[in-house]
Structures are given as structure tokens and as C-alpha cells.
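Protein chains in written order, with our numbering: chain Y, 59 to 364; chain G, 59 to 364; chain W, 59 to 364; chain B, 59 to 364.
4 protein chains.
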Amino acid sequence: MALKGILRSGLIQLRVLDLEESVDFYHDRIGLTKVGKLGNDRFMLKGYDEFDHHSVVLREADSPGIDFMCFKALDEETVKDVIAKNEKFGYERYEVTDQPGFGTIQMFKIANGHTIGVYSEVELAEQKPMTCNPKIWDKEPHGMEANLFDHALLAGPNQGECVNWFVEVMGMAITEVLYTEDKNGYICTWLSSNTRGHDVALLNFPDAGKLHHFSFQLSGWNDIGRAADIMARYNIKIDAGPMRHGVTRGQTIYFFDPSGNRVETYAGGYEYFPDAPLREWSADRAGEGIFYYTKELNERFLTVLT
Amino acid sequence: MALKGILRSGLIQLRVLDLEESVDFYHDRIGLTKVGKLGNDRFMLKGYDEFDHHSVVLREADSPGIDFMCFKALDEETVKDVIAKNEKFGYERYEVTDQPGFGTIQMFKIANGHTIGVYSEVELAEQKPMTCNPKIWDKEPHGMEANLFDHALLAGPNQGECVNWFVEVMGMAITEVLYTEDKNGYICTWLSSNTRGHDVALLNFPDAGKLHHFSFQLSGWNDIGRAADIMARYNIKIDAGPMRHGVTRGQTIYFFDPSGNRVETYAGGYEYFPDAPLREWSADRAGEGIFYYTKELNERFLTVLT
Amino acid sequence: MALKGILRSGLIQLRVLDLEESVDFYHDRIGLTKVGKLGNDRFMLKGYDEFDHHSVVLREADSPGIDFMCFKALDEETVKDVIAKNEKFGYERYEVTDQPGFGTIQMFKIANGHTIGVYSEVELAEQKPMTCNPKIWDKEPHGMEANLFDHALLAGPNQGECVNWFVEVMGMAITEVLYTEDKNGYICTWLSSNTRGHDVALLNFPDAGKLHHFSFQLSGWNDIGRAADIMARYNIKIDAGPMRHGVTRGQTIYFFDPSGNRVETYAGGYEYFPDAPLREWSADRAGEGIFYYTKELNERFLTVLT
Amino acid sequence: MALKGILRSGLIQLRVLDLEESVDFYHDRIGLTKVGKLGNDRFMLKGYDEFDHHSVVLREADSPGIDFMCFKALDEETVKDVIAKNEKFGYERYEVTDQPGFGTIQMFKIANGHTIGVYSEVELAEQKPMTCNPKIWDKEPHGMEANLFDHALLAGPNQGECVNWFVEVMGMAITEVLYTEDKNGYICTWLSSNTRGHDVALLNFPDAGKLHHFSFQLSGWNDIGRAADIMARYNIKIDAGPMRHGVTRGQTIYFFDPSGNRVETYAGGYEYFPDAPLREWSADRAGEGIFYYTKELNERFLTVLT
């Protein structure tokens, strides 16, 4: 198998202020499939084009934000390898076994205040892509027609160390970097475990464990436009877009869920291979890297995180 | 690195009847970049979005068809591993060193009459994607705006053995299969070394070393339409499409180059991961697998190969 | 007002074999809005982006086909003018008053065996585009997202005389013609009352009163692709497409409703103005005029009418 | 003919600071066709999909802005009618005969400080759409692939009187209005002579004869995205977009030419008919009417005119 080790980002647990309202939002507007309740305060959802049991968990809480983000490994050997390689970093590890359909998830508390999980065992979902004489979809996609949970941008301190952890422990590749003005460090780093431009990105930020945004994959620019029409119709607050990123070339809209979490609908982007040269951005071109068309970051984009 | 071993299809050498006319066709219409002449009878080209020195070589010959198709490996270790694992199959191997910009290519004569190469060393092209504060392209794409050489469908006998070679020696994954009517074998098999639905497909066919088609990646359905407009304008013979495949979900047009080689412009398709279940097609649904909309294969599609 | 007289095709009554199944088809798949029953054997529908009470009536009958097609006039003065100018042609006229929401429709039995109506009075529909701080749609479009009833291709004898009637009586413009081989007549003529490439086309055909196809407007090529995906999923029989017409430049799919009526989803096409030169097609290029990409008409297209 | 009188906006003369640089910009980037020099200080261009001799004239001057905007009439009878009906308004009229390929243009100095022309006679361009077995285009479109000059938004005082002039003298229809806060007047009015959402819009503004923007038609949302990619590549200053308007539903980007004139690439929008109800916007929803997605006007949009 040419694709080994860590395969992709596969699970995210979000904090939302009102569970029922949020489930409706992610189902009706984003177009996720409802998988079911998880205890009293959580709800599982998934993209219609994902095979695995679920990929998004919403948890009702007093403040928005992210609980954890997890990566699917090809096999348990990979999981063991991650555990072993984490020794060098000494990040606290614990096991989570309460995600229905999932085997044990190994959780690591990394130095930017985020919790990153790794698992290899997960059941197939009831609603999943057809595989026997398959139609491209079984039930018509709805809402923004999000295919799948794609990536997240995690903010916090100690970014350099965390980048090293993703590279050395998780075996991921740095695809693009945004240098600080003195070029001695990175403002932001994009990392991939497959051919996506990124599965996760790490933003240098003083507060630990902050979520800048997480992202759903759409099928193309036309679906980005359709998503914007849906946002406009239902008065969903758009932060920026429709536009393109210079970084990853992805086409995008940033908007806010009812709890204030920044969500992205994302499409396109190049096909990454590990023999590609690193793409590098200088600090004075940060605006262009993120907001490729207008070349200007808005203040809200830099300061509002959950 | 999570993506290891064989990375992708990276080089194809085609036979064409008139070199000059063919270079114009692949440059002006398909939108490839001219890299330069190679001896008296060959010409090198590449997609505007490829980093490597070149990906397509046209060779003037008395009959159309394919000389060989090669795969890029991450490193020389992979190449050595392929050589070692080929021992079990005992396929003839020889070395090619005449492709400018490329290190040694290990060529294997596999049992369907095709020559498959593996290499890890290749220089970056002069015209390649930007990497320092990169624009999404440097020079405006032209013609059909082919991004890159994507895959080929190789026809010949002994398909099952060749599939095993791609799986065991090259480490590739079977993504989809089309069973024979008795379900004891495959009419066609699709194989991937990365997250594409396929890098190469193998079609059972009595004549050895035959090319059914080879394919260029476009950016989406809208570019498929644009490509069709260009074909119509310049009276390029369309075999089928615009349409979608059931297999891989790719959006597509099949057409013929001036020498009669079947070429495809291809876009979309799902993102494959090795933990996805195998997609299976029964013989009675072959039409739908290939021609997803009309569900009927045309006679030409089944019989015209080069 | 610069747009006067006959404004557009506005109403069509179709014969279908099973009313309930057909209502489901036009609602669920084409995406029309249900307006309501009309007596025991008819059902009214409309496109989500139409203001008028309804635009499509399905009537249960023993054989498929078209009952009549009607045009909206700006005012009653236009209707009177049509009645007066019809005198020269002497086509039988009668009044229809049983279409809910519509004033009197003046029906004319023209020489190709078709019944063409004209009306100016029609109530606004309950479900219609918003007009006060309007969203681009109120309720999300569904299915193939047909905006509106666009045009029909009516087949029958005496085409030349009927063309004259549309020009002289209805004040419509000939936008394109397909000449017979001897160039003494037309195989097909396209006529417009506004800036569309056509509101109606007339095909020379031995049998009177035959429907070749009628058409719904989609928003673009991407929606043509989405419509094709829906057709594939629900095994709706596609006649041809996705493709483009040379005539009108429209992007299109022809398919069949459950009764065997040929339906078209149509998008794009140029903006016609009456100062544009006539577009002319010679008989030997008919294939390209209709099937712009493949340049070949299929047999079914030429022989299957209802 | 159902489409009579004034047909469409057909000619605009712009002031630019550097003629050569501007010709390159409108040719290379917007994708217009060069028609030729006009005297020492002017240059004629056209959209590739326009039949008429030219539609855009650039004039080198000390300050940017608009000289005049002209409308094509179906016939000289319409021109005479406009002259006659202008008597009631008493706007100064003069004749222009120096536009190559055009007959006499009747120019009217209307009360918002703008000059509006009317003409019916114009020669066909050398480069124009094919009409004999036509391809959808003859020479491949380039750059942003602007089809045609579409409309302009003219700013100045006495808006209400000017609206009346366009309605009573030119016979145009008001398609949408944006009311002032007290609902006693209009901030902006959109007017159409055909089925476009607008050919011209009038903005209430203290300074006379000001140009807010003028607009080129693109073929759809995908071309809007492509245009944005071109703007990004060549560092063309984007004012707003890609986005959609609530008014007209058009998909759009506003950007600046090298002289500071605001230009728009515009696609889509509904098909207007004179029997459609007026679309009305209240002052508190102006942001949504113009910037449908973000619902917020930027300061520059309200204050920068030429």
C-alpha cells in the first residue's frame, strides 16, 4: 500500500451552546447526516460521502470551541508507532473508548493546548457511499452538500514544537509555511498526511487550545456559490468569501455556526505529493496567502477564535 | 511520510504518426507546455501544474499506441524494492537512461505486453508551479488547460497476473473491479498508488500491449465543458462525453488525437483511501460503470484501441 | 416599454399515461412546484422562479403528447391584434376559460396540427419569487431545480406557413434556420419573442401535432451535470447529453418522462436581439447544429416523437 | 417584433489616464477585442460576442470617468420618437458623427450630469459571432472572456427626474428600486430595455456626471472565479467580490482599471419581463441588496467614483 500510517483527519468534537439548534444547523444547512445522540449532551453526525461511523460530534457546553481532533491510522501498528514516538515529546496520553463505532482512541495533549487523537478501528456507517454497482450517491445530498470533514486550523503557543510532533510522531508532511517577519519561525504551518494541501494547520497564538476554524469539503466552486446562497438565505454570518486561498489554492467561505465557531466550506486545492517543494510565504504576503483575491485580512479573522 | 513507495503515474511515451502535427495538438488544444525535442523523433511535454521535468513524450512512428508508462517512486529504496519483488514474477527488466532530466528508469515487461517503468530521480521543470508566495499559476493556462498526466487504461491478456504484479510489486491498491459474467475474473481492474480513484487500469483484451486511452486531469465539470467546446471548434473527434463514469465518479470526455490514440480529459472523482471497501461492478452493469448517464457502451469504445 | 406584444411561452398542457406517477416525476425529479389538481384528470405545476399561477398542466390520457402551448402577451391589446392578424391565415380559433388563475386564452389551431394559445391575464402564483428585499429564492430549489418552462419543439407538416403565422400574427423573430438540402425550405426553424434563442421551434414532420420535446430552463452547465446525476440515480432514460447545441448554443440533456414524452433541461444560450443577423444551418451540418459535440444525430432523436 | 424601441446599452466612452496601458488592460485582462485607434487620443474595443462595430471607447484624459453612454434603438423611428419625447424634458440634444461604423448618435444631456446617446445605425464588426453553421466562438476567448458591454451605474443629482426620462422618453422599465429611509424617494433605481435585470442604474449622488461602475457580461459563476484568478495574478485591485447582488441576483466582482475607474464583471441575474412585479428594497437592507452575502457595504464602495 503506497498510502500508509496516518491516513486523514477523521473525527472532531466541537462545543456548542445549544445542542438542538446546532444539530439542526449542521444537518439542515451544512448538509451533514444525523447519526444519533451520544449520552445527554452530545450528537454524532457525518458527511454523506464518508464511510466511517461518524466524523463530527457536537457537545453542549457553556462556551464554544474544540474538545479534540482525531486522525485515522491505517492499522494498529501505526497507532503503536505513534505511542512509541510520542515518548520523545512526553505528551500526556490517555485512552478514549466512548465514541460509538470506534475502537480505542489514543489521545495526546500536545503543547499548543490541543488534544489530538489517533485510532485505526472504526465501523462503517449505516449511511455510506454505495460499493456494489455504486451510484455516485444513494440519497440526494442536501443543504450545502458537505462531503466530509476535511481539516481544522488549531491555534495555540509552542507551534514549532507541535509541528515537529506532527512530522516526527504522526509522520505528516509540511506542505506550506508562513514565516514570521524575522523569518526565524512560522506564523502558521500546514500539514498533510495524504494528498490534500492540509489535514491540519497550526497557528501561533498566545492562548492555548483555541480553534480558528474547521472545514468541510465541497465539490467545487459552484458548490461554494450554492453554499453562499444558502448562508444568505438563512442569515448565516459570513466572515469572508466566497474567495480563494493562496495557500493550498482552496476555494472557500468562512462563516460562523450559531455558537460562534468559525466553520469553512472548502473546495479544490492542489493534489499534494511528498516530492513537491515546500511552498513558502513571507509575513508581508500573509494577506494574499489567506485572502488571495482581496489580499487583505480582516481584523475579525485575526482575533475571533473559540 | 504517510504517502510512501510508489507515488503516482508520472511519464508516458506515446507513438504518433506525425510528430509536428501531434506536438501542435497536445500543446495548442490539450494545453500542455512544450519542454523540447528529444533526438530526431521525439518531443517532451508536460502539464502546467506538474513539477517534474516532463510527463509526456510523443514519438513519431508508423502506428499509434503506447511505448511505456512509468511511475514515480518516493525514493531509490522503493525502486530497489520493486526490483526485488519482481523476482517472483520474473518479468524482464531493463534500464532506460535517455529521458532528459530523469535518472535511471527501471523498465519491466509485464505479462499483458506493456512496459511499466519505475524511477525516483527527476529534475524539476523550468516551467513549474510557483512555490515562493505562489500564485495559483504563473502563466495563464491555455487550450483545454490540462493540469497533469493522470492515468492510462492498458489492455492486454493475463490481466489477473498483471493486477497481482501491481499490487504485490508496486504496492498499489485495487479500488474498483468489473467482474466477468461468471464472476470468476475481472474484465477490468482499477489500481491506485495514492488517493486518486486510479493511476492505472488494466483491461482484459486478447491483443497484447494495447492502449485503450490515457488521460489528463482537468479542474472540474466546467473545464470539461470548455474542453468539449474546444473539441467542437477544431473538429476533434469525440468518442463519448461529456459524461461521468460510475467507476471513480470521474467526469470525462473521450476523444482521439490526430494519430487515433484515444485521449481523455478527466475531472473529479472521489478521494480514495486504502481503508475504503472495494467497489464492485457486475458484468451486466458495465455500461453504467463506464457511461454512467446513458448506461450504454458504444461499439467503438470496446473495439478501437491503439 | 421596449419589450411589448408577445412576451414568452408561458403554459403547456401535456398528456401523460399515469397522472400520479407523472406528478411525482415532475415534482420530485424536475423540481417543479405543485400548484394543485384541475378536475379529475389534470394537475398544475410551475417552476419555482415563475411569477404566474402555473405553467405546466399534466393531463392523464391514453397516449402521451401535447394538448397545447400558450404564449403570454403584455396586454389585451396584443391579444386582439393576434386575433385580427389571424384572419389572414383563417386558422380556427376558440376560447379556453378553464385554466385556474388565467383569464380567457385564445386558442388557434395552426396548420401543423398544433394548438397555440395567447393570453394576457394571469394571477400571480402563491409560491413565486420574492419582491420585497428579495432573497434569490425563498424555499430551497430541489431535484433538477428547473427555473421555468422555457420552450417546445413542435413537429408537423406545413412548417413554412406556420413560421409565417408566428412571425406575422405573433410578431416573433426567426433566430435560426436549418435549410433543407435543396435550400428551398426549412427542416427546422427557431423563433423568439424576447431575448431567448427560442421560445418555440417548428420541425417539418409528416405527422401533425407531434411533440418532439419541451424544455425547462436550468441555471447553467453545472446544473446540467447535477440533472444528469439525478437522471442516472433514478434510472431516467437519457436520449442525448449532457451536451451543447450549435443552434442557440444552449447546454442540454434530452430525456424521457415516464410516459415517453421527450423532456429537455436547458441552460445558457446567447442573448438574442432582433438586430442580430439570422443564423443559418445547411442540411449537411444538421448533426452539428443539434449535437454540437459529437456532430451525429442518433436515430431515436429523429424518429421518436409523442 | 416583440422586442422594439430601445434594445440595449451599446456603447460607452471612458476616460483613462494612459491610453496604451489601458488598451492593454482591457484587451489582455478583460479580454476585449481591439478594433482600432480613433484619432490620437482614443481607442475602440468590443466584446468577442458582440455583432456591432465597437462598444467601448477609451479616451486619454487628465482624469478618469465617463464621457457618455449610448443605447441601440431598433430603428430610426425609435430615435425620432426619443427626440420628440425629450421635448417635454427639454434636455439639450446634439449629434455625434465621429464614431467609426456608427450612424448619427443623438446625445442628450440629462439632469444628473450624464450624456446619454441613442442610435440605430451601426455596421457589423469584422470580428463578430459566426452566423453560417456557427461555432459558439470563432477565435478562442482570452483573459476574463468578457462577452459584451452590459450596463453602467451612473451617479448624480436629480435622480427621480432622470428615471422619468428613461421611462417616458426611452421607454425603459424600472426593475428594482432602493428606497430612501423616508421612502419618499430612491437611493438607486435599476432600469431595463430588454430582459436583463438592468441596462443602466441611476444612483442619487451630490456630484454630477459621476461613474460608479460599468460592467462586462461573463458567462457564469465559474467565469467569475476565473476572472478573480486573473485579477489576483496581475495584482488588479479588487473592490468587492466574488459575490452576488441581491438586486438583479447578478454574480459579480468589482475592481479598478489602471485609471481608477470601477469595472464590474457580471454574470447571471434573472430574466426580466415587464409583467414582473417591481422588486423593492428598503434603505436598511441596502447592504444586502448590493453585497448579498456579507450584507455590509464597504466605505470605498459608497465614496469612490470617477
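Glycine is no exception: its CB is placed at the ideal position from the N, C-alpha and C atoms. All values reported here derive from a predicted model rather than from experimental measurement.
Among the residues of chain W, those whose CB is under 7 Å from the CB of Ser340(B) are Asn191, following chain order. In this structure, the CA atom of Leu96(B) is about 35 Å from the CA atom of Arg87(G). In the structure shown, the three-state DSSP call for Phe224(G) is helix. For Gly278(G), the CB contacts under 7 Å within the same chain, skipping 5 residues up- and downstream, are Ala325 and Gly326 in chain order. Rounded to whole angstroms, the gap between the alpha carbons of Met202(W) and Ala204(G) is 29 Å. Sixteen is the threshold: when 16 or more other Cβ atoms of the shown chains lie within 10 Å of the Cβ of Asp257(B), as they do, the residue is buried. Non-local C-beta neighbours of Gly243(W) in its own chain, meaning closer than 8 Å and more than five positions away in sequence, comprise Gln217, Gly218, Tyr237 and Asn262, ordered along the chain. Against chain B, a Cβ distance below 7 Å from Ala286(G) picks out nothing, because the smallest value is about 10 Å. Secondary structure of Asp281(Y) (DSSP, three-state): helix. Of all residues in the segment 338-364 of chain Y, those with a C-beta nearer than 8 Å to a C-beta of chain G are Glu338, Trp339, Ser340, Arg343, Glu346, Gly347 and Tyr350, reading in chain order.
Between Ile294(W) and Phe313(W), the C-beta spacing is below 8 Å. Pairing Tyr149(G) with Ile168(G) gives a Cβ-Cβ distance under 8 Å. When Ser317(Y), Phe147(Y), Val305(Y) and Arg343(Y) are compared, the shortest CA-CA separation from Leu336(Y) is found for Val305(Y). Within the same chain, Phe109, Asp110 and His111 come within 8 Å of Leu182(Y) by CB-CB distance, once the 5 residues on both sides are set aside. Following the DSSP letters along the chain, one finds Asn262(Y) in no alpha helix (DSSP H) but inside the beta strand (DSSP E) bounded by residues Val258 to Asn262. DSSP links Phe129(G) through a beta bridge to Ser67(G) and Val176(G). Annotated three-state conformation of Tyr237(B) is strand, per DSSP.
For chain W, the residues of the segment 263-289 of chain G that bring a beta carbon within less than 8 Å of one of its beta carbons are Trp279, Asn280, Gly283, Ala286, Asp287 and Met289, in chain order.
Under the Cβ criterion (8 Å, minimum of three pairs), the segment 62-75 of chain W counts as touching the segment 126-137 of chain W.
In this structure, Leu61(B) places its C-beta atom within 8 Å of the C-beta atom of Ala60(W). Within the same chain, and ignoring the five residues on either side of Val227(Y) in sequence, the residues whose Cβ sits closer than 6 Å to its Cβ are Val140, Lys143 and Asn144. In chain order, Thr91 place their CB closer than 6 Å to the CB of Gln185(W), counting only its own chain and leaving out the 5 sequence neighbours on each side. Taking a beta-carbon distance threshold of 8 Å, Arg87(B) does not count as an interface residue toward chain G. For Gly299(W), the three-state secondary structure derived from DSSP is strand. Within the segment 107-125 of chain G, contact with chain Y at the beta-carbon level (separation under 9 Å) is assigned to Asp107, Phe109 and Asp110. Sequence-distant Cβ neighbours of Arg358(Y) in its own chain, meaning closer than 7 Å and more than five residues away, are Asp297. Around Ser317(G), the same chain offers Val74, Leu75 and Pro122 as residues with beta carbons nearer than 6 Å, after the five sequence neighbours per side are excluded. Listed in chain order, the positions of the segment 290-319 of chain W with a beta carbon within less than 8 Å of a beta carbon of chain Y are Ala290 and Arg291.
Interface criterion not met: the Cβ of Phe224(B) is under 8 Å from no Cβ in chain W. For the options Lys104(G), Asp208(G), Gly299(G) and Tyr328(G), the alpha carbon positioned closest to that of Ser273(G) is the one of Asp208(G). Neighbourhood of Ile194(Y) in chain W, by CB distance below 7 Å: Asp287, in chain order.
Chain G places no beta carbon closer than 8 Å to that of Ile168(Y), leaving this residue out of the contacts.
The contact set of Leu260(B) on chain W, defined by CB atoms closer than 9 Å, is empty, because the minimum CB distance reaches about 17 Å. Rounded to the nearest angstrom, the Cβ distance from Glu234(Y) to Trp248(Y) is 4 Å, consistent with a contact under 8 Å. Distance from the CA of Lys241(W) to the CA of Ser340(W), rounded to the nearest whole angstrom, comes to 8 Å. Scanning chain W for C-beta atoms nearer than 7 Å to the C-beta of Lys62(B) yields Ala60 and Lys62, reported in chain order.
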